[in-house]
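Step one of this worksheet: look at the structure below.
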Amino acid sequence: MVVIMREYTYQWNVEDDEPTLKITKSSFGSFQWCPRKYEFSYIERLPQDTTEAMIKGTAVHNSREDFFDVFDVKKAENMSNDELVDYNMGLHPIDGYTDIYRNISVFEANRFMEAKQANKLDSYLPVINEVKLDAELFIPQDLNPKCVLERDYTVHLQGIIDRMFIEDGAYIPIELKTGPWKDYKRTGMRKELSFYKLLVDNAPDKILEEAGIDRNIPITHWGWYYPVSNYIETEPVKQTSINAVMRGITQLIKAYEDKHNGGEQFPTKYYFKTCQHCSFMPICDAAQSEVW
C-alpha cells in the first residue's frame, strides 16, 4: 500500500490546496516564539548562526539514539548498579559532554534496576527510537473563534519523536532536552508533546505501521527528560494543551493570509533578553528601533 500525500512547503500560497503548508515542531515553536523570526528562517530561508547549544543538542540526541540501539538487555541483566553505570558510560561517545552522559548513565542504571525488580525488563527499551512521522491535519475555518480563517485548510505535520515507551498498555512519548530544567518550561513542553500526539493521531495507518506504532494503543501520558538537571516528569495527556496547539496553527495560517492580502509582515515579538541572542537581530526592524 502506497501512502499518497500532498506536496508541502513553507513557501506556501494560501490560495493553493497543493502544496500545503508544512509545519514541524521546530517551525511551530519558532512562530510561537517570534513570527518575524519564523518568516526569516522558514519563508525567506536565511541562515542562522550555529550555537554551542545547537552543537550540544545534536551530539546528545545522537548519543541517546545510539544508546538504545546498542543496549543489550540480556548482557545487562546480571550486572550490579555500579557495573550498569560503567556499561552505560561505555555506550556513549568520548566528547565534551561527559557530565551529561554520566547523569544519563546513572539514571538509566537506576531505571533498569527498577524495571528488573518489577519484572518489566521487556518494556525497558523504547518501542520507537528517533522516528520521523508525517500526517495531514484538517483545520476548520472557525476552529479558533478569536482567529477565524478565510476557509478550511489541510496542513502537513512532520516531526521526529525522540522516544516512545509503553507502559500498562499505553504509549508514553518522552522528549529529551539538553538545557537546564525550569518550571516555566512546563507549558512549552506540553505543547511540544501535543504536537507529537497530533502527529500520531493523524498519521496514515501505513506510516504508523512502518514506524512500529500500533494505532490501537493510545497515548495516555507524556513526559520530558532534562539530564543536565537530573529531571524527568511524566503526566497524563492534557487536552487543553492540544487545543492550544490547534489554535496556534490557526494563528500561523492567519499570518500567511494577512501577508497574502497585503497586510504587515509577520509581526515581531521584541524582548531584549531573548532577542539579543537571535541571529536576525541586525536585520530586524523592530529590534533595531528598540535598540536605538
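All you need for this note's numbering is the position in the sequence shown, starting with 1, plus 1. No residue lacks a Cβ here, since even glycine has one placed at the ideal position from N, Cα and C. Predicted model only: the values in this text are computed from it and were never measured.
Contacts around residue i, its chain only, beta-carbon distance under 6 Å, and the 5 residues preceding and following it disregarded
i, result
"R248", "N145"
"P94", "S64"
"H261", "V15"
"P20", "E8, Y9, T10"
"M297", "Absent from the model: residue 297. The displayed extent of the chain is 2 to 293, so no value can be given."
Exposure of residue i, with buried meaning 16 or more beta-carbon neighbours within 10 Å
i, result
"I5", "exposed"
"K76", "exposed"
"V201", "buried"
"K207", "exposed"
"K121", "exposed"
"G160", "buried"
"L47", "exposed"
"A110", "buried"
"P127", "buried"
"H278", "exposed"
"R178", "With the sequence shown as reference, residue 178 is identified as Lys, and Arg is not the correct amino acid for it. Per the 10 Å Cβ criterion, buried."
"P228", "buried"
"V156", "buried"
"V74", "exposed"
"S42", "buried"
"F29", "buried"
"Y272", "exposed"
Chain-order list of residues whose beta-carbon lies under 7 Å from that of residue i (same chain, five-residue window excluded)
i, result
"V292", "For V292, the predicted structure reports a pLDDT of 47, less than 50, and the residue's modelled location is therefore unreliable. A value from the coordinates is still provided. Excluding positions up to five away in sequence, the list is empty."
"A212", "I129, V132, L134"
"P268", "P36, R37"
"Y197", "G160, I162, P174"
"K26", "G160, E193, F196"
"Y88", "A77, M80"
"K57", "Y98, T179"
For residue j and residue i, believed in contact at Cβ under 8 Å, the rounded distance
i, j, result
"I243", "S195", "4 Å"
"R191", "I175", "That pair is no contact at about 13 Å."
"A136", "N217", "Wrong, their Cβ atoms sit about 17 Å apart, outside the cutoff."
"G251", "P237", "Before going further, note that residue 251 is Thr rather than Gly in the sequence given. So it is not a contact: roughly 25 Å between Cβ atoms."
"A54", "G180", "7 Å"
"F113", "Y125", "6 Å"
"L92", "V71", "6 Å"
"Y154", "I24", "Incorrect: roughly 11 Å between the Cβ atoms, too far for contact."
Assigned secondary structure, residue i (DSSP; H/G/I helix, E/B strand, else coil)
i, result
"A256", "helix"
"A136", "strand"
"E1", "Nothing about residue 1 can be reported from this structure: the residues present for the chain run from 2 to 293 only."
"G22", "Looking at the sequence itself, residue 22 is Leu, so the reference to Gly does not match. Residue state, collapsed to three classes: strand."
"T51", "coil"
"I243", "helix"
"N63", "helix"
"N14", "coil"
"E265", "coil"
"H278", "coil"
"Y9", "strand"
"E236", "strand"
"I129", "strand"
"N79", "coil"
"Y271", "coil"
"E84", "helix"
"G97", "coil"
"N120", "coil"
"V107", "helix"
"D286", "helix"
"V74", "helix"
"E45", "coil"
Same chain only: Cβ atoms within 8 Å of residue i, ignoring 5 sequence neighbours per side
i, result
"Y257", "W13, V15, L22"
"G224", "I173, P174, I175, E176, L194, I233, E234, T235, E236"
"L209", "L134, V201, D215, R216"
"P219", "A171, Y172"
"G49", "As written in the sequence, residue 49 is Gln, which differs from the Gly given in the question. Around Q49: S42, S280, F281."
"N82", "A110, N111, M114"
beta-carbon residue i near the ligand NAD non-hydrogen atom, thresh 7 Å
i, result
"S195", "Here there are no bound small molecules, and the ligand NAD is not part of this structure."
Length at least 4, wholly inside the region 172–234: the alpha helix (DSSP H) runs in chain order: 187–203, 206–212
Sequence ranges, beta strand (DSSP E) only - wholly within the region 138–176, length at least 3: Listed in chain order, the complete beta strand (DSSP E) runs (minimum 3 residues) inside the region 138–176 are 154–168.
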